[in-house]
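Undergrad:
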Amino acid sequence: MVSSLRRVVRLVVAVASCAGKRWRAPERPAGGPLALVVGLPKMGTTSLRNYFHCSGYRTSHQACSDGPHCGQCVSDFVSQVAKLGIRQPSAIGDQTKLFRKACGAYDAFTQLDSVTTSGCVVPQVAHLKSLLVALPTAMFDRMVRNCPIDAQNGAGLAAWARAHVARSKDLVARSRCGVVVDIEAPVPDVGAALAATINDTHARCWGQANARPKAPVAPGRRRRLSDRAPRGARRRRLSPKAGGWRTKVGDVDASCAFAARAGLDPDGPGPELVVDYDGGSSVATLTPGRGGDRGAARVARAPRLCRSRSARAPDGTAPALLMAASDVDYLFFHWPYFLNAGVYAAARRLPVYLWLGELPGALRDTVGPTCARSRWRADRGFDGPNSNHYTKVVAAALLLDVGGVPGVLFRDMDMFAVFPNAPMRAAVAATDVHDALKVDVAFPCTSKIDRDAPRRGRGGPPRGFRLKSTKFYLRDSAAARDLLDAWLDHRCGPKDQIALWYATYALAKDRGCLNYDAAQLVNMSYAEAYHTERPGLNYLFKRCRPFRFACGRQFVMPDVLHEGAFPRADGVDVPIHHRERTMRVVPRRDGSPVLDAAYRASLGLDALDGP
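Shown next, in the form of structure tokens:
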């Protein structure tokens, strides 16, 4: 009896372990015919990508070659073919090898279009006929679905989409191998039709990816996404208030104020930060290299959220710019960027706040319950205390409690805005995310793994999932506060990203906006989660009223960039955001930096304490 029970247990364990692994067919031999999906975005391209990948095809989705988006390489391919004589198909021959050389050694290309800072590249619309001529042995896949385009998006877009559908229907029908996929048909029917039409594919691989869950509908009433929750209605919190992070933060001095002297003139006095704290009863004058003196020690006794006296006072109309420094030395180490933030805020008439201090000890030494049962800390170096990366979250949450602050724009200390030609400056203003977009939260993320980054090797995975906290925007709203609470309540080790990922997806699911269970992340290490695709957060932008989340680099201060190599005061040449030129940093006798004129002008500091 016991032995039989053991066999049953082993069988159950074996079945459970197999069920946890996603089936995939053996990889196809290299060099076979191509499969190109020529539908428009949001027409099932992710579902087809998963279908081909599961069937053993080497599959691309938006990213081609070693990182560039497919739109560019497909356009380059068409240009190369045109030189061969596109109007004489018999003289060209099959250019499959040239296509793979331009766009990568894939079998299936499931999304050919891409979005750039200057517009959209849609080669399946502009060059479809040329692709059919140059790739006579390829399979062309056209998706069909109900695609309602409302008046907000414009009648022109609807007409453009209808024209492409009609044109592609005719052209694909005349190709050697054309396939039509109705992605809204029942899943078993679509899988069976695909497997019967496309060689070496499997019906079991078909499923609808990125399908949005249907919100619960009250009896006798159809709920719309635009419906607002009743004023004052309670929403379930991801973390209970009792025992949450706010019970551990301790006392934070929010009455603090500061004034700064740039100190960039080699012949003048050096940098200086004057801090009024403890309700104005104490004043400390801080200078570089003196982080251990008595004044700095007094300031460091408690974390402080300080307002800039020279910046605009909060009046409820403009978001506040926030930075965070763990100590005085860290602040002066990034002094040019700190000054750059002040100039940036002054040009946009934003209040400025600085968090000065370590992460409170009770938050540093404890982790959330999700972290305790997760594999997040399994990676080497992740088993230590929570780092000062979380100070930005505490500072942002407390700043939203300050009167007259309707929103927060946060940027890390090692970020800067280039003057006068900031990227995308004319396209998006820093305050548009607050004034025009009306979103709750915005992060410079991508909807999927960062496929622009170099791959680890041929056929290797992309660099990593990008939902970073180097800069972000928060509105004074219940959704933004809930995100901050969940982010801190799930704190876990030296990196704040995985807690942010978990909190974002948990909140999106809780609001009925994404059909993704964040609990899947619990069983992954940080490295595994970093390289695992998840549903696109761009679904939440303007589509989910309970949690309006903007996902994209263009939403959050697009003219603020990250500097990987900060110019230290050692006289060495340093790169400026991977640009071709370098700038000279000259040290003072006291160790503080003196910037040369060109570098100072690039940071907008040429009018501060210098010629």
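Residues 860 to 1470 in this note's numbering are what the sequence shown spells out, letter by letter. All C-beta atoms, glycine included, are put in the ideal place defined by N, C-alpha and C.
So, helix, strand or coil for P1089, using DSSP?
TA: Taking the first residue of the sequence shown as 1, we reach residue 1089 at position 230. Because P1089 sits at a pLDDT of 32, beneath the cut-off of 50, its placement in the model cannot be relied upon, and the point is left open.
Undergrad: What does a CB cutoff of less than 6 Å around A1183 pick up in its chain, not counting 5 residues either side in sequence?
TA: To locate residue 1183, count along the sequence shown from 1; it is residue 324. Here the set comprises W1214, T1250, K1251, A1254.
Undergrad: Is the distance from the Cβ of G1129 to the Cβ of G1139 below 7 Å?
TA: Here residue 1129 is taken as the residue at index 270 of the sequence shown, counted from 1. Here residue 1139 is taken as the residue at index 280 of the sequence shown, counted from 1. The answer is no: Cβ separation not under 7 Å.
Undergrad: Rounded to whole angstroms, what's the CA-CA distance from A1052 to M998? Just pull it up for me.
TA: Taking the sequence shown and counting its residues from 1, one reaches residue 1052 at position 193. Taking the sequence shown and counting its residues from 1, one reaches residue 998 at position 139. One C-alpha to the other measures close to 15 Å.
Undergrad: Does the region 1158-1178 come into contact with the region 1194-1214, if we say contact requires no fewer than three beta-carbon pairs (one atom in each stretch) closer than 8 Å?
TA: In short, these stretches touch, since the Cβ pair count reaches three.
Undergrad: What are the start and end residues of the alpha helix (DSSP H) that includes F1278?
TA: As a working note, residue 1278 is residue 419 in the sequence shown. It is not in any alpha helix (DSSP H) - F1278 carries neither H nor E in the DSSP assignment.
Undergrad: Beta carbon of V1419, beta carbon of P1303: below 7 Å?
TA: By one-based count along the sequence shown, residue 1419 stands at place 560. By one-based count along the sequence shown, residue 1303 stands at place 444. Cβ distance not < 7 Å, so V1419 and P1303 don't count as in contact.
Undergrad: Would you kindly report the start and end of the unbroken alpha helix (DSSP H) that includes S1461?
TA: As a first step, residue 1461 is located in the sequence shown; it is residue number 602 there, counting from the start. From DSSP, the alpha helix (DSSP H) with S1461 extends over 1456-1461.
Undergrad: Taking the alpha-carbon positions, what's the A1206 to P1228 distance?
TA: Taking the first residue of the sequence shown as position 1, residue 1206 is located at position 347. Taking the first residue of the sequence shown as position 1, residue 1228 is located at position 369. Roughly 43 Å separates the two Cα atoms.
Undergrad: Our contact map puts G853 next to S1167 with C-beta atoms below 8 Å; I'd like the distance itself, whole angstroms only.
TA: Any property of residue 853 remains undetermined from this structure, which presents the chain solely from 860 to 1470.
Undergrad: Judging by CA-CA distance, which residue of A1460, T1225, S1114, D1294 is the nearest neighbour of A1335?
TA: Translated into the one-based positions of the sequence shown, residue 1335 becomes position 476. The displayed chain sequence assigns Asp, not Ala, to residue 1335. Considering only alpha carbons, the answer is D1294.
Undergrad: Check H1248 in the structure and name its three-state DSSP category.
TA: Taking the first residue of the sequence shown as 1, we reach residue 1248 at position 389. Residue state, collapsed to three classes: helix.
Undergrad: Let's test the definition: count the other Cβ atoms within 10 Å of the Cβ of A1456 and tell me whether it reaches 16, buried, or not, exposed.
TA: What you label residue 1456 is simply residue 597 of the sequence shown in a count that begins at 1. With fewer than 16 other Cβ atoms within 10 Å, it is exposed.
Undergrad: Could you give the residue range of the alpha helix (DSSP H) that holds H1293?
TA: Taking the sequence shown and counting its residues from 1, one reaches residue 1293 at position 434. That run of the alpha helix (DSSP H) goes 1291-1294.
Undergrad: Just checking my contact of Y1332 with L1257 at CB under 8 Å: how many whole Å lie between their CB atoms?
TA: One-based indexing of the sequence shown puts residue 1332 at position 473. One-based indexing of the sequence shown puts residue 1257 at position 398. Wrong, their Cβ atoms sit about 16 Å apart, outside the cutoff.
Undergrad: Cβ of A1020 less than 7 Å from any chain B Cβ?
TA: Considering every chain present, this structure includes no chain B. It has just one protein chain.
Undergrad: Return yes when the C-beta of G891 is under 6 Å from any heavy atom of the ligand MG, and no when it is not.
TA: Of ligands this structure carries none, so the ligand MG is not represented either.
Undergrad: Assess, as a yes-or-no matter, whether the region 981-990 is touched by the region 1019-1035 under the definition of 3 or more beta carbon pairs within less than 8 Å.
TA: Judged by Cβ distances under 8 Å, the region 1019-1035 makes contact with the region 981-990, as three or more pairs qualify.
Undergrad: Would you call the CB atoms of P1195 and L1462 closer than 7 Å?
TA: Here residue 1195 refers to the residue found at position 336 of the sequence shown. Here residue 1462 refers to the residue found at position 603 of the sequence shown. The answer is yes: Cβ separation under 7 Å.
Undergrad: Along the chain, where does the alpha helix (DSSP H) containing A1051 start, and where does it finish?
TA: The residue labelled residue 1051 in the question sits at position 192 within the sequence shown. Start and end: 1046-1056.
Undergrad: Keeping to the same chain, check which residues put their C-beta closer than 7 Å to that of M1383; ignore five residues upstream and five downstream.
TA: Counted from its first residue, the sequence shown places residue 1383 at position 524. Taken in chain order, the residues that qualify are R1234, T1391.
Undergrad: Please go through the region 1139-1219 and give each complete beta strand (DSSP E) segment of 3 or more residues, from N-terminal end onward.
TA: 1141-1145, 1163-1167, 1179-1184, 1211-1215, all fully within the region 1139-1219.
Undergrad: Between L1359, G1352, T1329, which lies nearest to L1343 when the distance is taken from Cα to Cα?
TA: Counting from 1 along the sequence shown, the entry for residue 1343 is found at position 484. Residue L1359 is the option with its Cα nearest to L1343.
Undergrad: In chain order, what residues of the same chain have a beta carbon less than 8 Å from the beta carbon of G1319, not counting five sequence neighbours either side?
TA: Counting from one through the sequence shown, the residue named residue 1319 turns up at place 460. Bear in mind that a pLDDT of 41 at G1319, under 50, signals an unreliable position, so the number given afterwards is only what the model happens to contain. No residues qualify anywhere along the chain.
Undergrad: Tell me which residue opens and which closes the beta strand (DSSP E) that H1421 is part of.
TA: Counted from its first residue, the sequence shown places residue 1421 at position 562. Where H1421 is concerned, the enclosing beta strand (DSSP E) stretches over 1419-1421.
Undergrad: So for A1116, helix, strand or coil by DSSP?
TA: By 1-based counting over the sequence shown, the position of residue 1116 is 257. A1116: strand per DSSP, three-state reduction.
Undergrad: Helix, strand or coil for A928, going by three-state DSSP, please let me know.
TA: As a working note, residue 928 is residue 69 in the sequence shown. In the sequence as presented, Ala is not what sits at residue 928; that position holds His. Correct three-state label for H928: strand.
Undergrad: Buried or exposed: where does V1046 fall if 16 or more other Cβ atoms within 10 Å of its Cβ makes it buried?
TA: Residue numbering aside, residue 1046 sits at position 187 when the sequence shown is read from its first letter. With fewer than 16 Cβ atoms within 10 Å of its Cβ, V1046 is classed as exposed.
Undergrad: Under three-state DSSP, which class holds L1366?
TA: Mapped onto the sequence shown, residue 1366 falls at position 507. L1366 falls in the helix class under three-state DSSP.
Undergrad: Does the beta-carbon of N1245 have 16 or more other beta-carbons within 10 angstroms, so that it is buried, or is it exposed?
TA: Start at 1 with the first residue of the sequence shown, and residue 1245 comes out as number 386. With 16 or more other Cβ atoms within 10 Å, it is buried.
Undergrad: Identify, in the order they occur along the chain, each residue of the same chain with its Cβ nearer than 7 Å to the Cβ of G1263, setting aside the five sequence neighbours on each side.
TA: Numbered from 1 along the sequence shown, position 404 holds the residue referred to as residue 1263. Once the five neighbours on either side are set aside, the close Cβ partners of G1263 are P1173, D1174, G1175.
Undergrad: Ignore the nearest five residues each way along the sequence and tell me which others in T955's own chain have a CB closer than 8 Å to its CB.
TA: Residue numbering aside, residue 955 sits at position 96 when the sequence shown is read from its first letter. Hits under 8 Å: P892, L893, L994, T996, A997.
Undergrad: According to DSSP, is A1025 part of a helix, a strand, or is it coil?
TA: As a first step, residue 1025 is located in the sequence shown; it is residue number 166 there, counting from the start. A1025: helix per DSSP, three-state reduction.
Undergrad: When burial is assigned at 16 or more other CB atoms within 10 Å of the CB, is W1065 buried or exposed?
TA: One-based indexing of the sequence shown puts residue 1065 at position 206. With 16 or more Cβ atoms within 10 Å of its Cβ, W1065 is classed as buried.
Undergrad: Would L1373 and P1394 qualify as a contact pair, given that the criterion is a beta-carbon distance under 7 Å?
TA: One-based indexing of the sequence shown puts residue 1373 at position 514. One-based indexing of the sequence shown puts residue 1394 at position 535. In this structure, P1394 lies closer than 7 Å to L1373 by Cβ.
Undergrad: Since A1386 is in the alpha helix (DSSP H), which residue starts that stretch and which ends it?
TA: In the sequence shown, counting from the first residue as 1, residue 1386 sits at position 527. Its alpha helix (DSSP H) spans residues 1385-1389.
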